[in-house]
Amino acid sequence: MQVIDLRGISCPTNFVKAKLALEELVDGTVAQILLDDGEPVKNVPRSLKADGHKLLGLKQTEEGHYILELKKVDE
Amino acid sequence: MADVKQTKLDLNNLKAGGFIKERGKDLFTVRLRVPGGRMSVPRLKKIAEVAEKFGGEFVHLSVRQSIELININFKDFDAVVEALGEKDQKVASCGARVRVPVACGGCEYNPNGLVDTQKSALEVDEKLFGTPTGHHKFKVAFAGCPFDCPKSATNDIGFQGAIYPALDKDACISCGLCAKSCVPKAIVMGGDNKPLFSNDPCIWCGDCVKVCPTGAWSEAKRGYTVRIGGKWGRNPLVGTLFATFLPEEKAVQFIAAVLEWYKQKAEGLGRIRLGDTIIKEGPEELLNHLRQQFADYIVAETIAPQVIATQIGK
């Protein structure tokens, strides 16, 4: 599983980093994106959806951050 | 006998105002009409050209999205109007009239925007700009979503884009993104791991619809939340709720109906704003007037515009 760790990175840098990381993956790859609570978990999933990726689910970890699972979709 | 040189001016240019006296002798600020703050690049270039030729060293970006030309000699009014006209740039208004509406960027490129505020601002500007109220100024603002960057409720009429969400439980994959995105906590995840929606805290921002990966959340209704009676200045008032989900294409007609009520009810009250007129007459009066044309969108009850105590503590 591809893991893109964006913890400790604030908006909009986290979203741009996610875009750069997703560029490296082939179409259809499932990736996990680690996001902090607050603005990041509120903003980044929506922006990735708007970029055309398929969001699969969101889980909160015991440490308090979130794991967003998505499938990379090429335009 | 001295040869007196007389300045000739087309006084029609001054009818809606927009030429504002400055400190210096003969100098005026010319307030330009920029509905919704949208400025095409060719028009911006023309304004720069006119400012360079007739104005001072800078222009001023007003708080209501106008570009104001500074230090214009009144003798140049006709030449300024003519030059701006080459790119269809018009002069704005001042005084007891309907002002140029302000608006956020809307929905064409801004991902938060729920409605086309730019279109609404242009329509209102085209149909109602400069209408004399007989009493006081009249300001309108359009916000594309409930985050409300334009502070719509501080206007005589403030419009705020809204969508009402509906859930298709079968399409829901229980990811919880909607609940996480819902700042007012109108959506929480229920015992069956499906979202539970409560209407009261919902501000109709549509974040749930935007984040939902499967389209389980969709919009059931779209339109404007309308607050009336706001103003700022010496005695601030915040406008209160009069209509919900007003269709975008009814905005002009709605404003016209409010103006009609204001013109009539403020008769004999002097220089009074709409909000103070509502406080005097009672909000029920205006609700009833609006129900005649907009029954489907008018709220069952409301409160008068709210006084904001900004002087306490001195």
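Residue numbers (this note's numbering), protein chains in the order written: chain V, 3 to 77; chain G, 1077 to 1390.
Ideal placement from N, C-alpha and C gives every residue a C-beta, glycine not left out.
My understanding is that residue 1148 (chain G) touches residue 1130 (chain G), with C-beta atoms under 8 Å, so please give their C-beta distance in whole angstroms.
-> By one-based count along the second sequence, residue 1148 (chain G) stands at place 72. By one-based count along the second sequence, residue 1130 (chain G) stands at place 54. About 6 Å separates the beta carbon of residue 1148 (chain G) from that of residue 1130 (chain G), a gap short enough to meet the 8 Å contact definition.
Would you say residue 1257 (chain G) faces chain V, with C-beta separation under 8 Å as the test?
-> As a working note, residue 1257 (chain G) is residue 181 in the second sequence. Contact with chain V is found for residue 1257 (chain G), since one of that chain's Cβ atoms lies less than 8 Å from the residue's Cβ.
Chain G contacts from the stretch 45-57 of chain V (Cβ-Cβ distance under 8 Å) = With the criterion set as a beta carbon lying under 8 Å from some beta carbon of chain G, the members of the stretch 45-57 of chain V are 47, 48, 49, 51, 52, 56 and 57, in sequence order.
Between residue 1348 (chain G) and residue 1381 (chain G), is the Cβ-Cβ spacing less than 8 Å?
-> Counting from one through the second sequence, the residue named residue 1348 (chain G) turns up at place 272. Counting from one through the second sequence, the residue named residue 1381 (chain G) turns up at place 305. Cβ atoms of residue 1348 (chain G) and residue 1381 (chain G): not closer than 8 Å.
Contiguous beta strand (DSSP E) assignments of at least 3 residues, all confined to the stretch 1313-1361 of chain G | Considered as a whole, the stretch 1313-1361 of chain G harbours 1316-1322 as its complete beta strand (DSSP E) runs of no fewer than 3 residues, in chain order.
Start-to-end residues for the alpha helix (DSSP H) that takes in residue 1209 (chain G) | As a working note, residue 1209 (chain G) is residue 133 in the second sequence. Segment: none, residue 1209 (chain G) is in no alpha helix (DSSP H) and carries neither H nor E.
Could you tell me whether any Cβ in chain V is nearer than 8 Å to the Cβ of residue 1143 (chain G)?
-> In the second sequence, the residue the question calls residue 1143 (chain G) occupies position 67. No, its Cβ sits nowhere closer than 8 Å to a Cβ of chain V.
Between the stretch 25-47 of chain V and chain G, which residues of the former have a C-beta closer than 7 Å to a C-beta of the latter?
-> Answer in chain order: 43, 44 and 47.
Do residue 1234 (chain G) and residue 1180 (chain G) have their CB atoms nearer than 8 Å?
-> By one-based count along the second sequence, residue 1234 (chain G) stands at place 158. By one-based count along the second sequence, residue 1180 (chain G) stands at place 104. At a Cβ-Cβ threshold of 8 Å, residue 1234 (chain G) and residue 1180 (chain G) do not count as neighbours.
Can you check whether the CB of residue 1239 (chain G) is closer than 8 Å to the CB of residue 1282 (chain G)?
-> Counting from one through the second sequence, the residue named residue 1282 (chain G) turns up at place 206. Counting from one through the second sequence, the residue named residue 1239 (chain G) turns up at place 163. Against a cut-off of 8 Å, the Cβ pair of residue 1239 (chain G) and residue 1282 (chain G) comes out as a contact.
Rounded separation between residue 1333 (chain G) and residue 1165 (chain G) - CA only = As a first step, residue 1333 (chain G) must be located in the second sequence, where it is residue number 257. As a first step, residue 1165 (chain G) must be located in the second sequence, where it is residue number 89. Between residue 1333 (chain G) and residue 1165 (chain G), the alpha-carbon positions lie close to 29 Å from each other.
Answer yes or no: does any C-beta atom of chain G fall closer than 8 Å to that of residue 22 (chain V)?
-> Numbered from 1 along the first sequence, position 20 holds the residue referred to as residue 22 (chain V). No, residue 22 (chain V) lies away from the interface with chain G (no Cβ there is under 8 Å from its Cβ).
For residue 31 (chain V), three-class secondary structure by DSSP | Taking the first sequence and counting its residues from 1, one reaches residue 31 (chain V) at position 29. Residue 31 (chain V): coil per DSSP, three-state reduction.
Could you check what DSSP says for residue 1260 (chain G) in three-state terms: helix, strand or coil?
-> Reading the second sequence from its first residue, position 184 is the one you call residue 1260 (chain G). Residue 1260 (chain G) falls in the coil class under three-state DSSP.
Between the CA atoms of residue 32 (chain V) and residue 1331 (chain G) - distance to the nearest angstrom = The residue given as residue 1331 (chain G) occupies position 255 in the second sequence. The residue given as residue 32 (chain V) occupies position 30 in the first sequence. Going by the C-alpha atoms only, they are around 51 Å apart.
Does residue 1279 (chain G) have its Cβ less than 8 Å from a Cβ in chain V?
-> By 1-based counting over the second sequence, the position of residue 1279 (chain G) is 203. Judged by the 8 Å Cβ criterion, residue 1279 (chain G) is not in contact with chain V.
Output the distance between the C-alpha atoms of residue 59 (chain V) and residue 1384 (chain G), rounded to the nearest integer angstrom.
-> In the first sequence, residue 59 (chain V) corresponds to position 57, counting from 1. In the second sequence, residue 1384 (chain G) corresponds to position 308, counting from 1. Going from the Cα of residue 59 (chain V) to the Cα of residue 1384 (chain G) covers about 44 Å.
Would you say residue 1315 (chain G) and residue 1358 (chain G) are within 8 Å of each other, going by their C-beta atoms?
-> Sequence index remark: in the second sequence, residue 1315 (chain G) carries index 239 (1-based). Sequence index remark: in the second sequence, residue 1358 (chain G) carries index 282 (1-based). No, Cβ-Cβ distance for residue 1315 (chain G) and residue 1358 (chain G) is not below 8 Å.
Compare the Cα-Cα distances from residue 1363 (chain G) to each of G:1317, G:1277, G:1150 and G:1285 and report the closest residue.
-> Taking the second sequence and counting its residues from 1, one reaches residue 1363 (chain G) at position 287. Of the listed residues, the one whose Cα sits closest to residue 1363 (chain G) is G:1317.
In the structure shown, what three-state DSSP assignment does residue 70 (chain V) receive?
-> Translated into positions along the first sequence, residue 70 (chain V) becomes position 68. If DSSP states are grouped into helix, strand and coil, residue 70 (chain V) belongs with the strands.
Report yes or no: do the stretch 1148-1162 of chain G and the stretch 1171-1189 of chain G share at least 3 C-beta pairs separated by less than 8 Å?
-> Not touching, per the Cβ criterion.
Where do the ends of the beta strand (DSSP E) carrying residue 1294 (chain G) lie?
-> As a first step, residue 1294 (chain G) is located in the second sequence; it is residue number 218 there, counting from the start. Element bounds for residue 1294 (chain G): 1293-1304.
Cβ neighbour criterion (16 or more within 10 Å) applied to residue 1097 (chain G) | Along the second sequence, read from residue 1 onward, the residue named residue 1097 (chain G) stands at position 21. With a 10 Å radius around the Cβ and a threshold of 16 neighbouring Cβ atoms, residue 1097 (chain G) comes out exposed.
Taking Cβ positions only, does residue 8 (chain V) come closer than 8 Å to chain G?
-> Taking the first sequence and counting its residues from 1, the one referred to as residue 8 (chain V) is at position 6. Chain G contact via Cβ: absent.
Residue 73 (chain V): which of V:8, V:16, V:20 and V:42 sits nearest, CA to CA?
-> Counting from 1 along the first sequence, the entry for residue 73 (chain V) is found at position 71. Looking at the Cα atoms, V:20 is the closest of the given residues.
Which class does residue 1167 (chain G) belong to by DSSP, given the choice of helix, strand or coil?
-> What you label residue 1167 (chain G) is simply residue 91 of the second sequence in a count that begins at 1. Collapsing the DSSP output to three states places residue 1167 (chain G) in a strand.
Could you spell out the range, first to last residue, of the beta strand (DSSP E) harbouring residue 1271 (chain G)?
-> Sequence index remark: in the second sequence, residue 1271 (chain G) carries index 195 (1-based). Per DSSP, residue 1271 (chain G) belongs to the beta strand (DSSP E) from 1271-1273.
Alpha carbon to alpha carbon, what distance is there between residue 1106 (chain G) and residue 1343 (chain G)?
-> If you number the second sequence from 1, residue 1343 (chain G) lands on position 267. If you number the second sequence from 1, residue 1106 (chain G) lands on position 30. It is roughly 31 Å from the alpha-carbon of residue 1343 (chain G) to the alpha-carbon of residue 1106 (chain G).
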